[in-house]
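Undergrad: Attaching a single structure in structure tokens format; questions to follow.
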Amino acid sequence: ILEIIRSFGKEDILIEKSRDMGASWLCIAAVEWCWLFKNHLSFLLGSRVEDYVDQAGNPKSMFWKFDYLLDNLPGWLQPLGYVRNLHRRKMHIENPATNSVVDGESTQGNFARGDRRTAIVLDEFSAVEQGHSILSATRDATNCRAFNSTPQGSGNAFYDIRQTNIKKLRLHWSSHPIKSIGLYQSGSDGKIEVLDRAGYPDGYVPTLDGKTRSPWYDRECSRAISAQEIAQELDIDYLGSGYQYFDAVAIGNAIRKYARPSFLVGYLEHDSTTAEPIRFRENSNG
Numbered sequence: 148i149l150e151i152i153r154s155f156g157k158e159d160i161l162i163e164k165s166r167d168m169g170a171s172w173l174c175i176a177a178v179e180w181c182w183l184f185k186n187h188l189s190f191l192l193g194s195r196v197e198d199y200v201d202q203a204g205n206p207k208s209m210f211w212k213f214d215y216l217l218d219n220l221p222g223w224l225q226p227l228g229y230v231r232n233l234h235r236r237k238m239h240i241e242n243p244a245t246n247s248v249v250d251g252e253s254t255q256g257n258f259a260r261g262d263r264r265t266a267i268v269l270d271e272f273s274a275v276e277q278g279h280s281i282l283s284a285t286r287d288a289t290n291c292r293a294f295n296s297t298p299q300g301s302g303n304a305f306y307d308i309r310q311t312n313i314k315k316l317r318l319h320w321s322s323h324p325i326k327s328i329g330l331y332q333s334g335s336d337g338k339i340e341v342l343d344r345a346g347y348p349d350g351y352v353p354t355l356d357g358k359t360r361s362p363w364y365d366r367e368c369s370r371a372i373s374a375q376e377i378a379q380e381l382d383i384d385y386l387g388s389g390y391q392y393f394d395a396v397a398i399g400n401a402i403r404k405y406a407r408p409s410f411l412v413g414y415l416e417h418d419s420t421t422a423e424p425i426r427f428r429e430n431s432n433g
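At position 170 of the sequence shown (counting the first as 1) the number is 317 in the working numbering, and the numbers step up by one without a gap.
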């Protein structure tokens, strides 16, 4: 939360996450804290469809989360002079005490174009079809764009912006205090290393595939319909969350079981027309 708040008005930030890590709540909480206590700030919230930005009774919408936090504050933390019917409208909320505002908009191609904001929060940005247009439109609208998403392959704007030097926060499932109970992993030799001995069940049969796992993770994998779903929803794996012909886990298992260590490393020169080998130059660095 502190890193998100430090970024507001100053620099872009990207939050890559496993599913159900509360990242959207963290972003909304950071915005709401500034709205409550900082003067003359202006925020814009965006998601791929309008109902995910502001829809009454929809917990998935960003403004529903904002309203929930505000409604459950004690009276002495409520904004002075705030009247819901007056200061809360569709896609808009203002604080009469600080004159700070929060607006919402669906992430279409002209999102935020011509606007100027303290920060713009873009939720589940990997699923936005016009992501590259939005990157262009928002660049001059604010110094801070907060991109929040689980990965959905590498062919989208979220993946592309991740490859830059943008500040990154990573919320992996293994940092969750409940999901990481009994955390373990296996090395390249196939031996298990238990990272959470206190939570590791007696007699538990682990899955030794080189990944960091836990009993919770193993259950979720057994419920998933594909390796792609696991890569997207749990592993923060950009390549695996796309459509791959070969399964990355199966390839890794095959390498560990059958691949031999290299006995010679170097460069093979070949004829560019016939592809016939010409000579081999051994790499002295091995």
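Beta carbons: idealized from backbone N, C-alpha and C, even for Gly.
1. To the nearest whole angstrom, what separates the beta carbons of S189 and V248, a pair I think is in contact under 8 Å?
2. Leaving out the 5 sequence neighbours to the left and right, which residues in its chain are closer than 6 Å to E416 when beta-carbon positions are compared?
3. Relative to the alpha-carbon of A345, which residue among T354, D356, G357, P324 has its alpha-carbon at the smallest distance?
4. So, for Q202: in the same chain, excluding its five sequence neighbours on each side, which residues have a beta-carbon less than 6 Å away from its beta-carbon?
5. Flag this pair as yes or no: are the beta carbons of G108 and P362 separated by less than 8 Å?
6. Run through DSSP, which three-state label would E158 get?
7. Within a Cβ cutoff of 6 Å, which residues of the same chain sit near I240, ignoring the five residues on either side of it in sequence?
8. Just to confirm my understanding: we take A266, look at its own chain, exclude 5 residues before and 5 after, and list those with CB closer than 7 Å. What are they?
9. How many Å lie between V352 and I398 at the Cα?
10. Compute the Euclidean distance between the alpha carbons of G433 and D270, then round it to the nearest angstrom.
11. So for L355, helix, strand or coil by DSSP?
12. Just list the residues that DSSP pairs R426 with in beta bridges.
13. Just how far apart, CA to CA, sit N312 and D159?
14. How far does the alpha helix (DSSP H) with V196 in it reach, from first residue to last?
15. In chain order, what residues of the same chain have a beta carbon less than 6 Å from the beta carbon of M168, not counting five sequence neighbours either side?
16. Under three-state DSSP, which class holds D287?
17. Could you check the C-alpha separation between L161 and F410 for me, to the nearest Å?
18. What residue from G204, F272, I148 has the CA that sits closest to L192's CA?
19. If you check the beta carbons only, do T254 and V275 fall under 8 Å apart?
20. CB-CB under 8 Å to I331, same chain, minus the five flanking residues each way: which ones, in chain order?
21. Alpha carbon to alpha carbon, how far is E197 from E252?
22. Closest to G222 by C-alpha separation, out of F210, R235, L183, would be which residue?
23. Determine which residues share a DSSP beta bridge with N295 and list them.
24. Between which two residues does the beta strand (DSSP E) containing I308 stretch?
TA: On the basis of the data shown:
1. 5 Å
2. I425, R426
3. P324
4. S208
5. With the chain represented from 148 up to 433, any question about residue 108 goes unanswered, as that position is not in the structure.
6. coil
7. V249
8. F155, G156, F190, T289, C291, A293
9. 22 Å
10. Unreliable positioning characterises G433 in this predicted model, as indicated by a pLDDT of 47, which lies under 50. The coordinate reading is nonetheless provided below. One C-alpha to the other measures close to 46 Å.
11. coil
12. E416
13. 10 Å
14. No alpha helix (DSSP H) contains V196, which DSSP labels as neither H nor E.
15. L318
16. coil
17. 42 Å
18. F272
19. yes
20. One point to set straight first is that residue 331 is Tyr, not Ile, in the sequence displayed. Closer than 8 Å at Cβ, skipping near neighbours: I339, E340, V341, L342, D343, Y347, P353, T359, R360, S361.
21. 7 Å
22. L183
23. I162, D270
24. Note, I308: premise wrong, no beta strand (DSSP E); alpha helix (DSSP H) at 304-309.
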